[in-house]
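Its first residue numbered 2, the sequence shown is counted upward by one per residue in the working numbering. Everything on this sheet refers to the single structure shown next.
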Amino acid sequence: MIEKLNKNEYTTVLELAKKLNQKFSIDSISPNDQIIVYKENNDVVAFLQFSINFEVLDIINLYVNEVYRNKQIASLMLEYLNNNYLFEKIMLEVRTSNFEAINFYKFHGFKLVRTIKNYYSNGESAYSLERKKMKDVFILGIETSCDETSISIVKNGCTEIYTSTNTQIPTHKKYGGVVPELASRMHTENILTVFEDCMMNSKLTMDDIDAIAVTSNPGLLGSLIVGVEFAKTLSFVYDKPLISVNHLMGHIYANNLTNKINFPTLGLIVSGGHTQIIKMEKDYDFQILGETLDDAIGECYDKVARVLNLPYPGGPNVDSYARRGKPVYDMPKCMDDDSLNFSFSGLKSFIINFANTKKMKGEEINKYDLAASFQHSAVEEVIRKVSLAVKQEKINNLIIAGGVSANSYLREKLSTSLPNVNLSVPKLSHCTDNGAMIAAAAYPLYLNKSFSDLTLNPGK
Ligand code: KG4
Ligand code: ZN
Numbered sequence: 002m003i004e005k006l007n008k009n010e011y012t013t014v015l016e017l018a019k020k021l022n023q024k025f026s027i028d029s030i031s032p033n034d035q036i037i038v039y040k041e042n043n044d045v046v047a048f049l050q051f052s053i054n055f056e057v058l059d060i061i062n063l064y065v066n067e068v069y070r071n072k073q074i075a076s077l078m079l080e081y082l083n084n085n086y087l088f089e090k091i092m093l094e095v096r097t098s099n100f101e102a103i104n105f106y107k108f109h110g111f112k113l114v115r116t117i118k119n120y121y122s123n124g125e126s127a128y129s130l131e132r133k134k135m136k137d138v139f140i141l142g143i144e145t146s147c148d149e150t151s152i153s154i155v156k157n158g159c160t161e162i163y164t165s166t167n168t169q170i171p172t173h174k175k176y177g178g179v180v181p182e183l184a185s186r187m188h189t190e191n192i193l194t195v196f197e198d199c200m201m202n203s204k205l206t207m208d209d210i211d212a213i214a215v216t217s218n219p220g221l222l223g224s225l226i227v228g229v230e231f232a233k234t235l236s237f238v239y240d241k242p243l244i245s246v247n248h249l250m251g252h253i254y255a256n257n258l259t260n261k262i263n264f265p266t267l268g269l270i271v272s273g274g275h276t277q278i279i280k281m282e283k284d285y286d287f288q289i290l291g292e293t294l295d296d297a298i299g300e301c302y303d304k305v306a307r308v309l310n311l312p313y314p315g316g317p318n319v320d321s322y323a324r325r326g327k328p329v330y331d332m333p334k335c336m337d338d339d340s341l342n343f344s345f346s347g348l349k350s351f352i353i354n355f356a357n358t359k360k361m362k363g364e365e366i367n368k369y370d371l372a373a374s375f376q377h378s379a380v381e382e383v384i385r386k387v388s389l390a391v392k393q394e395k396i397n398n399l400i401i402a403g404g405v406s407a408n409s410y411l412r413e414k415l416s417t418s419l420p421n422v423n424l425s426v427p428k429l430s431h432c433t434d435n436g437a438m439i440a441a442a443a444y445p446l447y448l449n450k451s452f453s454d455l456t457l458n459p460g461k
């Protein structure tokens, strides 16, 4: 996590700075200087000292603890400067022998402006490097994979400018679940209004938009088609690059809208269709460590909601019923093994049979207690497997993603049961489907120029 340093915290950083560079001293911080630090587990592992004069940001020192090199920390700090300070140009001097630093700055678009002879006290020369401030990137994200028509504009993959969403929940509620045909019709009816509302409230025009991103997979085919065709039309009419985004990646990158993802990281994906533990070494580097062998956890929440006669959408209702009950009913073990896979079908069948048996016998069940018992059992299993993954992979960053990541008990248990893990949780409004997460997930693809053409079809 990157933080601005207050002047009263300078001494702590100086200790670190001395460890990183013996020559560093308090005298080298002038009153005009500012410092940002990168913290991991509350330890400062990198710091950047700079000053801004006449719209020129001058980097004076940038140090990253050796153990933490090659983790994009320095890149994140440069990005932080770009996003958080007003300046036109950024410049610095680097020793002509420091190839590692020279390559790093070259990679980030810095150009050599001159060589300064005898710049350092030992007579070594310096290269003076500079770069213009990176232009802000505004991406319009479109999400129509299920029952939300949502369009959002996100700046630089992390700042949500405005999101406009039309939820179809009140319509589907009458049927107890999403009716695909109705969903696609409603997306068609609403998408233009949602787009106009987003543009109007963002106070931006299409001239400001750098790319159009859209969920192309997975999802309900008819619903995806509406979003993809709309995105292709905008891309063609306004001549903007088109970016195809996987819906799951959207859920993962929703984290960037709150805290920038710290790589390497473990990820817990819990939604209506997925229950996975993944590992990411860097952007879009995705390895599945374990997943459900049968039902997804969200699917179970929805089934339990039906058994309890709770309206659609089931998950949030089971969550709130559970908060009013106690886990008094004995539940079967989900899976008695040490793999990172899950199985929830046994738990689901148990609840169905339990409720049916009680009904046949004419016995009352306490809905709150049954919801709490199910939730306790399912969440405990998730925590057990995530703890195993943390131990096994020796990675202590964790992000959560997907609709079930909105669950209050899961959030509470993750933060209390894994005290040594840096847990990043998306904002509640970013857990359910939304256009902002799609725009956030499109940002690394934009930087990589991974664009699609007008032959894009859903399912790709
Ligand atoms: O990620 P999502 O919006 O859609 C998919 O891509 O699957 O997840 C929807 C799932 C549904 O099963 C819903 O019941 C569940 O997330 N869900 C919850 C909560 N909010 C949504 N489950 C438990 N507790 C919640 N608070
Ligand atoms: Zn989703």
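Beta carbons are placed, not taken as given, at the ideal position from N, Cα and C, and that holds for glycine.
Legend entry - Cβ pair Lys-368, Leu-309 closer than 7 angstroms: For the purposes of this step, residue 368 is taken as residue 367 along the sequence shown, with counting starting at 1. For the purposes of this step, residue 309 is taken as residue 308 along the sequence shown, with counting starting at 1. Leu-309 is positioned such that its CB atom lies closer than 7 angstroms to that of Lys-368.
Inset, instruction - Starting from the C-beta of Tyr-302, find all residues in its chain whose C-beta is less than 7 angstroms away, skip the five residues before and the five after it, and write them out in chain order. - result: What you label residue 302 is simply residue 301 of the sequence shown in a count that begins at 1. Closer than 7 angstroms at Cβ, skipping near neighbours: Gly-315, Gly-316, Val-319 and Val-405.
Legend entry - Anticipated Cβ contact below 8 angstroms, Cys-147 with Leu-221, distance rounded: The residue you call residue 147 lines up with position 146 of the sequence shown. The residue you call residue 221 lines up with position 220 of the sequence shown. The C-beta separation of Cys-147 from Leu-221 comes to about 6 angstroms, placing the pair in contact by the 8 angstroms criterion.
Inset, instruction - Determine the extent of the beta strand (DSSP E) in which Arg-96 is found, giving its start and end residues. - result: As a first step, residue 96 is located in the sequence shown; it is residue number 95 there, counting from the start. That run of the beta strand (DSSP E) goes 90-96.
Legend entry - Pro-328 classed as buried or exposed, judged by whether at least 16 other C-beta atoms fall within 10 angstroms: In the sequence shown, counting from the first residue as 1, residue 328 sits at position 327. So Pro-328 ends up on the buried side.
Inset, instruction - Could you check if Lys-175 is buried or exposed, using at least 16 other CB atoms within 10 Å of its CB as the buried criterion? - result: Translated into positions along the sequence shown, residue 175 becomes position 174. Of the other Cβ atoms in all chains shown, fewer than 16 fall within 10 Å of the Cβ of Lys-175; this residue is therefore exposed.
Inset, instruction - For Tyr-121, count neighbouring Cβ atoms within 10 angstroms of its own Cβ and tell me buried if that reaches 16, exposed if not. - result: As a first step, residue 121 is located in the sequence shown; it is residue number 120 there, counting from the start. Within 10 angstroms of the beta-carbon of Tyr-121 lie fewer than 16 other beta-carbons, which makes it exposed.
Inset, instruction - For Arg-132, write down the residues that DSSP places opposite it in a beta bridge. - result: Here residue 132 corresponds to residue number 131 of the sequence shown, with the count starting at 1. Within the DSSP bridge table, the entry for Arg-132 names Ile-91 as partners.
Legend entry - Short Cβ contact (7 angstroms threshold) for Val-522 with Gly-228: In the structure as shown, the chain starts at 2 and stops at 461, and residue 522 therefore has no counterpart that could be examined.
Legend entry - Residues that Glu-41 bridges to, as DSSP identifies them: To locate residue 41, count along the sequence shown from 1; it is residue 40. Its beta-bridge partners are Asp-44.
Legend entry - Opening and closing residue of the beta strand (DSSP E) in which Phe-139 lies: As a position in the sequence shown, residue 139 is number 138, starting the count at 1. Here the beta strand (DSSP E) through Phe-139 covers 139-144.
Inset, instruction - Would you kindly check if the distance between the Cβ of Asp-211 and the Cβ of Val-138 is under 7 angstroms? - result: Here residue 138 refers to the residue found at position 137 when the sequence shown is read from its first residue. Here residue 211 refers to the residue found at position 210 when the sequence shown is read from its first residue. Yes, the Cβ-Cβ distance between Val-138 and Asp-211 is below 7 angstroms.
Inset, instruction - Can you give me the start and stop residues for the alpha helix (DSSP H) that Thr-358 sits inside? - result: As a working note, residue 358 is residue 357 in the sequence shown. Run containing Thr-358: 346-361, per the alpha helix (DSSP H) assignment.
Legend entry - Terminal residues of the alpha helix (DSSP H) in which Gly-1 lies: This structure cannot speak to residue 1, because the chain is shown only from 2 to 461.
Legend entry - Nearest to Thr-456 (by Cα), restricted to the options Asn-191, Glu-144 and Phe-237: By one-based count along the sequence shown, residue 456 stands at place 455. Selected option, being the one with the closest Cα: Phe-237.
Inset, instruction - Could you check what DSSP says for Glu-394 in three-state terms: helix, strand or coil? - result: Walking along the sequence shown from the start, residue 394 turns up at place 393. Taken through DSSP and simplified to helix, strand or coil, Glu-394 comes out as helix.
Legend entry - Sequence-distant residues of its chain with Cβ nearer than 6 angstroms to Ser-346 (five each side left out): Taking the first residue of the sequence shown as position 1, residue 346 is located at position 345. For Ser-346, where only same-chain residues beyond five positions count, the Cβ hits under 6 angstroms are Asp-295 and Asp-296.
Inset, instruction - Mind listing, in chain order, the continuous alpha helix (DSSP H) runs of no fewer than 4 residues lying wholly within the segment 211-249? - result: Complete alpha helix (DSSP H) runs here, min 4: 222-239.
Inset, instruction - Flag this pair as touching only if the segment 398-413 and the segment 247-254 have three or more C-beta atom pairs under 8 angstroms; answer yes or no. - result: The segment 398-413, when compared against the segment 247-254, does touch it at the 8 angstroms Cβ threshold.
Legend entry - Residues of its chain near Thr-266, where Cβ-Cβ distance is below 7 angstroms and the 5 sequence neighbours each way are ignored: The count along the sequence shown starts at 1 and reaches residue 266 at position 265. The answer, listed in chain order, is Met-281, Ile-396, Asn-398, Leu-399 and Ile-400.
Legend entry - Close-in-space but distant-in-sequence residues of the same chain around Glu-89 (CB under 8 angstroms, 5 per side omitted): Locating residue 89 in the sequence shown gives position 88, where the first residue counts as 1. Once the five neighbours on either side are set aside, the close Cβ partners of Glu-89 are Glu-56, Val-57, Lys-133 and Lys-134.
Inset, instruction - Confirm the yes/no value for this check: CB of Ser-388, any heavy atom of the ligand ZN, distance under 6 angstroms. - result: On the sequence shown, residue 388 is found 387 positions in, with the first residue counted as 1. In this structure, Ser-388 has its CB at a distance of at least 6 angstroms from all heavy atoms of the ligand ZN.
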